[in-house]
Every structure is written in C-alpha cells, then in structure tokens.
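In full-length UniProt numbering, the protein residues as written are 1 to 306.
Even glycine gets a Cβ: it sits at the ideal position worked out from N, Cα and C.
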C-alpha cells in the first residue's frame, strides 16, 4: 500500500476535524419511537423483535435534496437503469468518452457525487450517478448492503464497459463485495469505506438498545435471506484477490466511519493507494476541491479521454 498525505488546512469553528467518537449512543429523534417499539417487542417475543429490528435496520430515511444537488441534476441527463424490482433513477454528465459510475452511501443520493461527476465530464468522461434502491428517487421501502452491491452490478452491465467506479461510504463497501469474484471496471476509488458489514449492525444495535442476542437474531435473518455469512463480508476477504488500481480516500476525523476502516481496505487490496485528509469529515469530503482533483487525476491516469 502507498499512503499519501492529502491533509488540508480547513480548520475553523465549523470544522469537522475532531477526534472520532462512537456515534452509537446518539439516536435521531425520528428513531425514538422505533427504539421503544423494539424494546416492547423484545420483551414479548424475540422472533417478532428480530423481524422488526431487521425492518428498521434496512429502512433508509430520505432527506430533501439541497439546492446544490438540484442545480447539478438540472445539468445532467436523467434516465433509468434496469435492475431487480424498480429501475434505478440515474443521471449522466458528459456527452462522450469513457464511462465512470458513481455510487453513494447509506441514506445518500447519487447527486452527492455531482462535484466529481461534473469535473470528470469536463475532462471528457461520461459520469453516471444513480440512486440506490429505496434511496432518493428510486422506489422501494427497504434496502441492504447486498441490494446496493446488486445495483452496482446491474448498472455496470447496463452501461457497458466502465473505465472506473467511484463509491462513497457503504457504497464503497458494497463495491468491494460486487467485485470480489469479477472486475466491473479498470480502476476504482472508494471514499470513507467501512471494512466490516457487522460495523453497521453493531452500531444499529447500540443506537437502538438491542441486546447481543437480538442483534445476532437480526443478523441471521439477513444471512438467511441472502444466503451468505457475514463473516465473509469483511475487507480482508473481499479485497485480497483484487489487482485493479484502487485509491482510498479517508479523513482522519471521520466520526461515522473511522479512518482505520479505510486503512484496512488499503492494506488488504494489493497495490492500493491511501489518501489521508484532515478536517473534512464523512460527507464534506465529497465536495472538497483537492479531493475531487485527486479523484479525477487517479481516474484519468494513463488515459486520454475523447
């Protein structure tokens, strides 16, 4: 692994460059009722509680699009990507050239990567971002890590040969799962990626006050539904046999996905490059100019787009 220091002087009273902390005890107001319902169900029936926990765990909250995303989408071509169930809402920037697929994270939207998309389009690429199942403008009520991985595979098939895939957060983890046995692009970039799917379920369990027994029951339901062991959904297993160039970008002050998770991926993926930033947190990192430039340079390396 090669590590480069992309630290930026962005310190201010509003900076997110703070020591990472466990957010598991911080529960959003909207989930307080769900937490109460789970605790009541757990006392009555562990099986019912596990089913309810799985439902809450796989339900992504949808937030209104900020003005900057709406403006970026107005400059893109909207279309639909065929997928399992409902088609994926997608947008493309650029008229011609190699295609780059952009993948957002949990409770995110494809337009969050519009700064990257528009820079790539300016360089002569076609950049495509989509909303994952049950996210943004794509219909659905529930979504899991595995659904996002399948959506990536469907998008890759529908769009034809891909030059690169750029993914954020849980989208990055889903990408490593999607390419575990076959490549989908020539180059990959992941920003702030988790390293272990159980990081999500453990964090959810802490936030919702679930016992370890109930958490395990919930995890088993997911394993049975997708016929997979969560023990296999770890960076060290999904990345070890990869050889395509990979850039990992992660902020040392990320409070949602700690920096060491990105380092684990970079260590496990042969020949990967790790770019470390400071002061950008988990989402601002997607809009920071120097990060966008690093991504575009990596994607365009050795290629002269049309």
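Residue i, buried or exposed, once every other Cβ within 10 Å from all chains shown has been counted against 16
i: residue 278; result: buried
i: residue 81; result: buried
i: residue 63; result: exposed
i: residue 301; result: exposed
i: residue 169; result: buried
i: residue 78; result: exposed
i: residue 43; result: exposed
i: residue 66; result: exposed
i: residue 24; result: With a pLDDT of only 43 at residue 24, under the threshold of 50, the placement of this residue in the model should not be trusted, and no figure is reported.
i: residue 29; result: exposed
i: residue 33; result: exposed
i: residue 251; result: buried
i: residue 5; result: exposed
i: residue 96; result: exposed
i: residue 232; result: exposed
i: residue 263; result: buried
i: residue 184; result: buried
i: residue 215; result: buried
i: residue 54; result: buried
i: residue 161; result: exposed
i: residue 234; result: buried
Extent of the continuous alpha helix (DSSP H) run through residue i
i: residue 152; result: 145-159
i: residue 186; result: Taken as a continuous stretch (DSSP letters only), residue 186 belongs to no alpha helix (DSSP H), being part of the beta strand (DSSP E) at 185-191.
i: residue 236; result: 235-238
i: residue 120; result: 114-122
i: residue 81; result: That residue, residue 81, is in no alpha helix (DSSP H); its beta strand (DSSP E) goes 77-81.
i: residue 222; result: 212-226
i: residue 38; result: 32-44
i: residue 175; result: 170-178
i: residue 204; result: 198-208
i: residue 294; result: 289-300
i: residue 72; result: 67-74
8 angstroms Cβ shell around residue i - same chain, five flanking residues per side excluded
i: residue 299; result: 100, 120, 125, 163, 164, 166, 187, 189
i: residue 86; result: 133, 138, 139, 140
i: residue 296; result: 116, 119, 120, 123
Sequence-distant residues of its chain with Cβ nearer than 7 angstroms to residue i (five each side left out)
i: residue 150; result: 84
i: residue 204; result: 57
i: residue 240; result: 268
i: residue 171; result: 103, 104, 105, 148
i: residue 293; result: none
i: residue 3; result: 274, 276
i: residue 52; result: 37, 38, 41
i: residue 159; result: 99, 101, 128
i: residue 254; result: 20, 192, 281, 282
i: residue 226; result: 146
i: residue 72; result: 111, 114, 118
i: residue 181; result: none
Unbroken beta strand (DSSP E) run spanning residue i, endpoints
i: residue 1; result: No beta strand (DSSP E) holds residue 1; DSSP gives it neither H nor E.
i: residue 92; result: 88-93
i: residue 130; result: 126-130
i: residue 276; result: 273-277
i: residue 109; result: Per DSSP, residue 109 belongs to no beta strand (DSSP E) and is neither H nor E.
i: residue 102; result: 99-103
Close beta carbons around residue i, own chain, < 6 angstroms, minus the five adjacent residues each side
i: residue 22; result: Residue placement at residue 22 is flagged as unreliable, the pLDDT there being 42, under the threshold of 50; a coordinate-derived value is accordingly withheld.
i: residue 93; result: 76, 117, 118, 121, 127
i: residue 109; result: 131, 136
i: residue 288; result: 280
i: residue 112; result: 104, 286
i: residue 154; result: 83
i: residue 176; result: 238, 239
i: residue 173; result: 193, 194
Any non-hydrogen atom of the ligand SAM within 8 angstroms of residue i CB
i: residue 93; result: In terms of ligand content, the structure shown is empty, and the ligand SAM therefore cannot be addressed.
#### Entry: the region 217-228 contacting the region 241-260, beta-carbon criterion three pairs below 8 angstroms
no
### Segments of 4+ residues assigned as alpha helix (DSSP H) that fall wholly inside the region 235-270
235-238, 259-268
### Query
Counting pairs of beta carbons, one from the region 270-277 and one from the region 197-214, are three or more of them closer than 8 angstroms?
no
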